[in-house]
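Note that the protein sequences, when read in sequence, are chains H and U. Quick note: the first sequence uses our numbering, first residue 3, plus one each step. Quick note: the second sequence uses our numbering, first residue 54, plus one each step. Beta carbons: idealized from backbone N, C-alpha and C, even for Gly. See below for the structure under consideration.
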Amino acid sequence: MGTSLFYFLTFVALLSALSVVFAKNPVHSVLFLILTFFAISGHYLMLNAQFLAAVNIIVYAGAIMVLFLFVIMFLNLNADTEPNKSALAKVAGAIAGGMLLLVLIAALRNVNPVGADAATFDSQIGMVNRLGLVLYQQYLLPFELASVLFLVAMVGSVMLGKREAGERNF
Amino acid sequence: MEIPALAWQGLVILAVFGITLLIATYSTYAERVVAAFLQDRVGPDRAGPYGLLQPLADAVKLFTKEEFFPAGSSRGLFIFGPCLAMTTALMASAVIPFGNTILLGDGTAIRLQAIEVNIGMLYVFGVVSLGVYGLMIGGWASNNKFSLLGAVRAAAQAVSYELAMGMALIALLMVTGTLSLREIALQQYNGLWNIVYQPLGFIIFIVCAFAETNRTPFDLPECETELVGGYHTEYSSMKMGLYLFAEYINVFVASAVMSTLYFGGFSFPGEHLLYNTLTSSQGELFAHNAVTILGTVVLFAKIFFFIFFFMWVRWTLPRFRYDQLMRLGWTMLFPIAILNILLTGAFILLFGNKEAKLDTTKQPAPTEIRAVARK
Numbered sequence: 003m004g005t006s007l008f009y010f011l012t013f014v015a016l017l018s019a020l021s022v023v024f025a026k027n028p029v030h031s032v033l034f035l036i037l038t039f040f041a042i043s044g045h046y047l048m049l050n051a052q053f054l055a056a057v058n059i060i061v062y063a064g065a066i067m068v069l070f071l072f073v074i075m076f077l078n079l080n081a082d083t084e085p086n087k088s089a090l091a092k093v094a095g096a097i098a099g100g101m102l103l104l105v106l107i108a109a110l111r112n113v114n115p116v117g118a119d120a121a122t123f124d125s126q127i128g129m130v131n132r133l134g135l136v137l138y139q140q141y142l143l144p145f146e147l148a149s150v151l152f153l154v155a156m157v158g159s160v161m162l163g164k165r166e167a168g169e170r171n172f
Numbered sequence: 054m055e056i057p058a059l060a061w062q063g064l065v066i067l068a069v070f071g072i073t074l075l076i077a078t079y080s081t082y083a084e085r086v087v088a089a090f091l092q093d094r095v096g097p098d099r100a101g102p103y104g105l106l107q108p109l110a111d112a113v114k115l116f117t118k119e120e121f122f123p124a125g126s127s128r129g130l131f132i133f134g135p136c137l138a139m140t141t142a143l144m145a146s147a148v149i150p151f152g153n154t155i156l157l158g159d160g161t162a163i164r165l166q167a168i169e170v171n172i173g174m175l176y177v178f179g180v181v182s183l184g185v186y187g188l189m190i191g192g193w194a195s196n197n198k199f200s201l202l203g204a205v206r207a208a209a210q211a212v213s214y215e216l217a218m219g220m221a222l223i224a225l226l227m228v229t230g231t232l233s234l235r236e237i238a239l240q241q242y243n244g245l246w247n248i249v250y251q252p253l254g255f256i257i258f259i260v261c262a263f264a265e266t267n268r269t270p271f272d273l274p275e276c277e278t279e280l281v282g283g284y285h286t287e288y289s290s291m292k293m294g295l296y297l298f299a300e301y302i303n304v305f306v307a308s309a310v311m312s313t314l315y316f317g318g319f320s321f322p323g324e325h326l327l328y329n330t331l332t333s334s335q336g337e338l339f340a341h342n343a344v345t346i347l348g349t350v351v352l353f354a355k356i357f358f359f360i361f362f363f364m365w366v367r368w369t370l371p372r373f374r375y376d377q378l379m380r381l382g383w384t385m386l387f388p389i390a391i392l393n394i395l396l397t398g399a400f401i402l403l404f405g406n407k408e409a410k411l412d413t414t415k416q417p418a419p420t421e422i423r424a425v426a427r428k
C-alpha cells in the first residue's frame, strides 16, 4: 500500500513537473505546478511530516501560486502572444539549467539511499509539537532572524499600500 | 451485529458530507426567507408548504437551463473552475468536530468527526486558501473582461484577508497550545470558551471570514454594479449553481469553524451538571451519549446562528468600495491582528495559567476515549 502510493505520488509529481515546462499556456503551467506541490505534500504526509505538508500547501499552493496566477492573468499571456526566444536566450537557459543539474547531482551523490535506521527512528519527529520544540530551542536564533525578515517584508508591503499625502485615485 | 470502527468512521464521513450539502441547500432557502423578513416581504411560499421545496425547484431550473460556453473560452478550465470551487468548499468540513464521542456497549468510541488530524486548524486554513482557485480559474477561462476583473479581485481580496485571518488564528493558537480542532473544542468543554480570551481575535476572524466567503459587504468579486456578474458572468445552468452552492457551503464551514474555535464547539453551559445527574440516575454510558447528542444539537444551533448572522449582515449593510476593502484589510485589520498577538503574549506572561490549561490529568469525567482504530 505504502510503496504503491509512493510510486503513484512520484509519478504525479514528475509528470506534472514536466507538464509545467512543456505546457504552452502559462496558466496551465501554474496549475500543473500547483499539482506538483500537492504531490510533494503527499510525500511529506507519507513521511509523517504533517506540519510540513500543510504549510507547503498553505504557503506555496495557497499564497504564492495565487500571486503567480494573478500576475499572469493581468499580463494576459497566451500561447499566441508568447514571442519566440532568441538563440542566445536558449543557450543561456540551457547552461543555467545544466549548472543546476550538476549541483543537484553533486549534492545528492553521497546520499545514503537506505534511509533511516528503523531501530533509532522516531516516527513522531515531523509532528508539529516536536518541530516547535526543535525550532524554539535548538534553532531559536536563525528562526527569529528569519521571522524578523518576514516582518520587515510585511511592514514594507503595508507601507507601500499606504496612501501618500496629496495622492488621490478617485 | 458487529460493525468495525472503520465502518463507523465511514458512516460518520458520509453523514458529515450529507449534512453539509443539506445545510447548504437549505441556506439558499433561508437566505430568501431572511431577506424577505428583513425587507418586510413574504418571501418564497409557492413550492410546497412555506416554500420548503424551493431549493428543489431551483435545482430543477438550473439543471434544465442551457449549458453555455462562451466563444474563445478555454473549455476544460471553464468546467474545472466550478468543480474546484465546490470540491475545496466541501473538503473543509472534514476536520470539524461535530460532537464528542458516542460510546457503544462494547467500549468502542465513535468520534462525531470525519477525520481527526493534529493539524486541523492548518488544514482548514489550507483548504480555505485553495478556495480562491475555483473563482480565478473560472473567471480567467471565461474569456471576458468582467469575469477576469472579478477573478483578479477575488484573488487579491483572498490573499489580503488570509493574512489577518492567520494572525488572528496565531493568537488563538497561543492560548490553546494545540492545532487540533477536537482538542480546542475539548478544552472549551472543560474550561471557558475562547471568546473570553480572544474577543479581539474573534472580531478580526469574523470580518476575514466574510471576506473569504465573498459575502456582502465584501462581495466585490461579483459586484454587479461594476462587473455585471463578476467571475460568474459567463456561467449558466448548474455550473453557475455550483458556484452559488460553494458559497453557501463556505458560509456553513466558516460558521462551524467560528463556533468551534471561539464559541465552545459542542459544549454548553451546565453540561457537567447534566452529566453527573444523568450518571447517577441512568448510568455512565447513557449520560455520556446523551450529553454528546445534546452537544451536537447545541453546536448546530450555534452554526445556524452564525449562518443567520451572515445573512443578516448581507441584507443590512451595503457593499464596500474596493479601495476601502483593501485599506481595511491591510492598514487596519492586519496591524490590529499583530497587536492582538502582542497583547495575548503579554497576558499569557502576566496571568499565565497556561500550564493548568494544558494539564490533561485534571479533565473531568467525560473525556474522549480514543477509538481502537487509532494506531
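The way I'd put it, the segment 182 to 200 of chain U doesn't touch the segment 80 to 98 of chain U; fewer than three beta-carbon pairs between them come closer than 8 Å. Taking 7 Å as the upper bound on Cβ-Cβ separation, chain H lies near residues 170, 171, 172, 175, 176, 178, 179, 182, 183, 185 and 189 of the segment 165 to 192 of chain U.
With a cutoff of 7 Å on beta-carbon distance, residue 220 (chain U) and residue 390 (chain U) are scored as near each other.
Take residue 84 (chain U), set aside five residues on each side of it, and the residues of its chain with a beta-carbon closer than 6 Å to its own are 364, in chain order. DSSP places residue 81 (chain U) within a helical segment (H, G or I) once states are collapsed to three. The criterion of a C-beta distance shorter than 7 Å is satisfied by residue 149 (chain U) and residue 313 (chain U).
Three or more pairs of CB atoms, one per stretch, sit closer than 8 Å, so the segment 171 to 183 of chain U contacts the segment 62 to 74 of chain H. A distance of 7 Å or more separates the beta carbons of residue 69 (chain U) and residue 162 (chain U). In the DSSP assignment, the residues bridged to residue 164 (chain U) are U:154. Burial is judged here by how many other beta carbons sit within 10 angstroms of a residue's own beta carbon; residue 126 (chain H) has fewer than 16 and is exposed. Less than 7 Å divides the Cβ of residue 232 (chain U) from the Cβ of residue 174 (chain U).
Under the 7 Å criterion on CB atoms, residue 71 (chain H) is classed as interfacial with respect to chain U.
For the pair residue 93 (chain U) and residue 109 (chain U), the Cα-to-Cα distance works out to about 24 Å. By the Cβ test, the segment 109 to 120 of chain U is in contact with the segment 275 to 294 of chain U, since at least three Cβ pairs between them sit closer than 8 Å. Annotation: Cβ neighbours of residue 379 (chain U) in chain H (cutoff 9 Å, chain order): 163. Contact between residue 204 (chain U) and residue 284 (chain U) holds: their C-beta atoms lie close to 5 Å from each other, under 8 Å. No residue range can be given for residue 285 (chain U), since it is assigned to no alpha helix (DSSP H) and is classified by DSSP as neither H nor E. The residue from U:315, U:171 and U:299 with its alpha-carbon nearest to that of residue 250 (chain U) is U:315. Residue burial annotation: residue 305 (chain U) is buried, with at least 16 other C-beta atoms found within 10 angstroms of its C-beta.
Contact between residue 274 (chain U) and residue 206 (chain U) holds: their C-beta atoms lie close to 5 Å from each other, under 8 Å. Chain-order list of chain U residues neighbouring residue 160 (chain H): 383, 384, 387 and 388, by C-beta distance under 8 Å. Among the CB atoms of chain H, one or more fall inside 7 Å of the CB of residue 208 (chain U). Three or more Cβ pairs closer than 8 Å define a contact, and the segment 375 to 388 of chain U falls short of that threshold against the segment 232 to 246 of chain U. At least one CB of chain H lies nearer than 7 Å to the CB of residue 232 (chain U).
Per DSSP, residue 355 (chain U) is one residue of the alpha helix (DSSP H) stretching across 337 to 367. Between the alpha carbons of residue 61 (chain U) and residue 148 (chain H) lies a gap of roughly 45 Å. For residue 53 (chain H), the closest Cβ of chain U is nearer than 7 Å.
If you look at residue 92 (chain H), you'll find it in the alpha helix (DSSP H) that goes 89 to 110.
In this structure the segment 129 to 140 of chain U does not lie against the segment 149 to 164 of chain H, because fewer than three pairs of beta carbons, one per stretch, are closer than 8 Å.
Three or more beta-carbon pairs separated by less than 8 Å link the segment 27 to 40 of chain H to the segment 8 to 18 of chain H, which places the two stretches in contact. Closest in C-alpha terms to residue 310 (chain U), from the list U:106, U:358, U:155 and U:188, comes U:358.
Residue-level contact by beta carbon holds for residue 212 (chain U) and chain H, with a gap shorter than 7 Å.
Judged by their CB atoms, residue 368 (chain U) and residue 91 (chain U) are nearer to each other than the 7 Å cut-off. Under the three-state reduction of DSSP, residue 149 (chain U) is assigned to coil, being neither helix nor strand. Taking the CA atoms as reference points, residue 152 (chain U) sits about 9 Å from residue 351 (chain U).
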